[in-house]
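2 protein chains.
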Amino acid sequence: MKPVKIGLLGFGTVGQGTATVLARNAAEISRRAGCELIACKALVRNTDRELPAMLSHVELVTDPASILDDPEISVVVEAMGGDEPARDWLLRAVGNGKHVVTANKALIAQFGDEIFAAARKTGVDVAYEAAVAGGIPVIKAIREGLAGNRINWLAGIINGTSNFILTEMRDKGRDFADVLTEAQALGYAEADPTFDVEGIDAAHKLTILASIAFGVPLNFDAVYTEGISEISRDDTAFAEELGYRIKHLGMARKTEAGIELRVHPTLIPERRLIANVDGVMNAVLVHADAVGPTLYYGAGAGAEPTGSSVVADIVDVVRGANSARVPHLGFQFETLADTPMLAQSEVETAFYLRITAEDQPGVMADISRILASKEISIEAILQKEPDPGSTRVPIILLTRKIREGSMDSAIAEIESLATIHGKIMRIRVESLG
Amino acid sequence: MKPVKIGLLGFGTVGQGTATVLARNAAEISRRAGCELIACKALVRNTDRELPAMLSHVELVTDPASILDDPEISVVVEAMGGDEPARDWLLRAVGNGKHVVTANKALIAQFGDEIFAAARKTGVDVAYEAAVAGGIPVIKAIREGLAGNRINWLAGIINGTSNFILTEMRDKGRDFADVLTEAQALGYAEADPTFDVEGIDAAHKLTILASIAFGVPLNFDAVYTEGISEISRDDTAFAEELGYRIKHLGMARKTEAGIELRVHPTLIPERRLIANVDGVMNAVLVHADAVGPTLYYGAGAGAEPTGSSVVADIVDVVRGANSARVPHLGFQFETLADTPMLAQSEVETAFYLRITAEDQPGVMADISRILASKEISIEAILQKEPDPGSTRVPIILLTRKIREGSMDSAIAEIESLATIHGKIMRIRVESLG
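Line order of the protein sequences matches chains E and L.
According to my numbering, the first sequence holds residues 23 to 455 in order.
According to my numbering, the second sequence holds residues 23 to 455 in order.
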């Protein structure tokens, strides 16, 4: 299939993130999509800028028409943000029969109904996975993965800035204003933080989530919105004392009487998984009638997480345009790789070891000597008293990462010591960081 | 579009779960899919059984040919489990040009390459979302939602039985054998629990996840598999002391040398979200180069969660067959509903109230009287000492659920008391249960 040419309206965080992902993962992406996807042009204010070598193939243009009216370009990525001229140009791309992918939540929440109507007329797709919860494929999960369900409600931590602030306030007993200043210095919050901390950004995203959950038109004006600027560190502390965490939640719920749409600070029982989503991370909890609760967690912003969603949308749009189905294993059959599978002895992990030993001097020295001889480092040791009347003690070790084959031989040597009883219990350790 | 007729091979948990979801949510599903989906026949051993009224439209048949060779049936759901005759019949359905949806992880992990080759020949889809992690749309997330990424590794809690057992061992200090017996009584574990507790079921699922993550053929034989039956309650306690939880994890990792595929008990730092996935719930954590970590959580088994994934697959398969795209808002445009949006005053939630009061007798009585007059019940109270030199105390209340309008008027009345200072801080409380 011939390469698909993509034009980017805007070449800031989202635009460059998208182009970077497309370029770096070009091979992987074409193995999945069945054709090459190339970011060929990007609209900028000023072409006089340095680009990373990986993006040198992207032609910088200052006239939107050179993307919007280029017949070679079949997919336009709207990566400018804001209402205008994003809306105008997006409609022009759609009018020209181009598929559009956007990360612009404000645009979809406010003008989505108009945009989708225009897209239906020209038969193009307008995809917006990146508009909600950044890199988390939650639009896809709700629109497609939960297609068999009636959705009862959903609750999302869908603004990283406010989640970062609330997390810091709780963890460090700090005040809102103090953390906001730090968040601005770290680049997590804008100079004018209103959109984030007053919940407007979250309301845009909630508007979109509610429409795809309940099958209703986009209704941004109906969202009740309350920010986090009034929350004090006393509130976070009292909430904790009561067994709760305060999160800035977007909630959409369908009741007999109608649909609730609201963004506000919320106390959540601390044992809920979503109460433990901290820092700038996002998560959306969806409660549906057949599947029950499902939760989707990941980065809610950033160049490449957003680019990840934009690229997934481009692949979908291109498949749709080609009437191509998702290949059975996600990759085109002829591109399946014969990557070797590693034997378990070649795998590297850290280890937990529980050793039953005689409670006598020299045992730990023997164990340490054997481990050292295999270049196994000890990370932590727990040594316990023997049970009353017993002369045996459990020794618990955490090691650093080591090839499993080395651990196997160390274990065999330790087990052969006269002071060691029975088999050593060995459990692998993964930090998953 | 004309209704799609579906034949079910097997009418146990998965088959009935699927038919129930299709019947109960028929309206919602056709709003999404753009056509009706009807479970018209189910293969059973014995037609002499009572069906719930909702499933009375399903014709029970005992001859597989009456489904496999029925030209009216375009989608076959394989809901039998096991290797044979599932494999044989699935291949026959595929050979007859029928799309197949299956929840059978053992079948896909062991015979998927053969099945997909047959499907490519006749140009049909074979979809298997329900084969991994039950109702969680994780196959879709990886195959499509992360299509722009190179996946580095994934780690999954993908067997509910073993996660239930490990959770109980940790929470209650119980032994493996003891909890297993309970799990069998509760129906969470089979009479022969080998597949679950020895990791074979998880290895089937991991095989599938690794193929769609890394683009390699299915390679069940390469999975290193270790069960949880050797884990003692001492191990769960020592792990906790060291800041870890023990989980039965399926891990697939791509390294320079090759691919690791392994299922084994694993210590995970307790602060990781996935370490807090408890009971029979499942979760898959995926680490990819562009998006970073994403996590997918939900029910890993059960009639309707599995049915949820089967139905999502049917919708996808039907869309693919019709070259239909996912509608912009997930529902066919002409079916968008004009469900009313509720005013915030109509919303019911529980509340946290922080009230600053004079430290004198009668204040709590006044507050309680006003709340009672609005039918607001108090769930918990925190009363604090005044700061040195101050006569003011914070009073923190948690209420039960109440209409927000009632709370608004209660707050106004309380704020008007002479003994109350300033504004009352009011934060909504959601249990998200």
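We put the CB at the ideal spot given by N, CA and C, even for glycine.
As the structure is a prediction and not an experimental result, all values here were calculated from the model.
Item	Value
Identified DSSP bridge partners for Y246(E)	R284(E)
Cut-off 7 Å between Cβ atoms - residues of its own chain near V313(E), not counting five sequence neighbours on either side	L168 and N171
Contact set between L283(L) and chain E, taken where Cβ atoms lie within less than 7 Å	M363
DSSP three-state assignment for A310(E), whether helix, strand or coil	strand
When A261(L), E368(L) and D388(L) are compared against L439(L), the one with the closest alpha-carbon	D388(L)
Test item: CB-CB of G209(L) and P327(L) under 8 Å	no
Proximity of G182(E) and E220(E) at Cβ, strictly below 8 Å	no
Test: N126(L) CB closer than 8 Å to a CB of chain E	no
Bridge-paired residues (DSSP) for E81(L)	K63(L)
Contact under 8 Å by Cβ, L283(E) with V245(E)	yes
For F236(E) and A131(E), believed in contact at Cβ under 8 Å, the rounded distance	A131(E) to F236(E), Cβ: 15 Å. No contact.
Minimum Cβ-Cβ distance from Q366(E) to chain L less than 8 Å	yes
C-beta neighbour in chain E for L317(L), strict 8 Å	yes
CB contact flag (P315(L), S453(E), <8 Å)	no
Contact under 8 Å by Cβ, L228(L) with V285(L)	yes
Short CB-CB distance (under 8 Å) between P25(E) and chain L	no
Alpha carbon of H443(L) to alpha carbon of A232(E), nearest angstrom	39 Å
Buried versus exposed, by CB contacts within 10 Å (16 or more), F355(E)	exposed
C-beta neighbour in chain L for T229(E), strict 8 Å	no
Contacting positions in the segment 236-251 of chain E - beta carbon closer than 7 Å to chain L	F236, G237, V238, P239, N241, A244 and Y246
Neighbour-count burial assignment, S431(L), 16 or more Cβ in a 10 Å radius	exposed
Residue-chain proximity (N298(E), chain L), Cβ-Cβ < 8 Å	yes
CB contact check: I15(E) to chain L, cutoff 8 Å	The question about residue 15(E) has no answer, for chain E in this structure spans 23 to 455.
Cβ-based neighbour list, L113(L), same chain, cut-off 6 Å, excluding 5 preceding and 5 following	A140
Residues in the segment 333-344 of chain L having any Cβ partner in chain E nearer than 7 Å	V333, A334, V337, D338 and G342
Q421(L) and I392(L) closer than 8 Å at C-beta	Here residue 421(L) turns out to be Thr, not Gln, going by the sequence shown. No, these two residues do not count as a Cβ contact at 8 Å.
Spatial distance of L317(E) from D335(E) (CA atoms)	21 Å
Alpha helix (DSSP H) segment containing M386(E), residue limits	V385 to S395
Proximal chain E residues relative to S399(L), where beta-carbon distance stays under 7 Å	The premise fails here: S399(L) is roughly 16 Å from chain E at the closest Cβ pair, so nothing lies under 7 Å.
The segment 401-408 of chain E in contact with the segment 342-357 of chain E per 3-pair CB rule at 8 Å	no
First through last residue of the alpha helix (DSSP H) which encompasses R341(L)	A325 to A343
Whether V97(E) touches I89(E) by CB criterion (8 Å)	no
Min CB distance V154(L) to chain E below 8 Å	no
Cβ separation of T40(E) and V332(E), assumed to be a contact under 8 Å, to the nearest whole Å	4 Å
C-alpha gap between G455(L) and V415(E), whole angstroms	43 Å
Residue span of the beta strand (DSSP E) that contains T361(E), given as start and end	Where T361(E) is concerned, there is no enclosing beta strand (DSSP E), given that its DSSP letter is neither H nor E.
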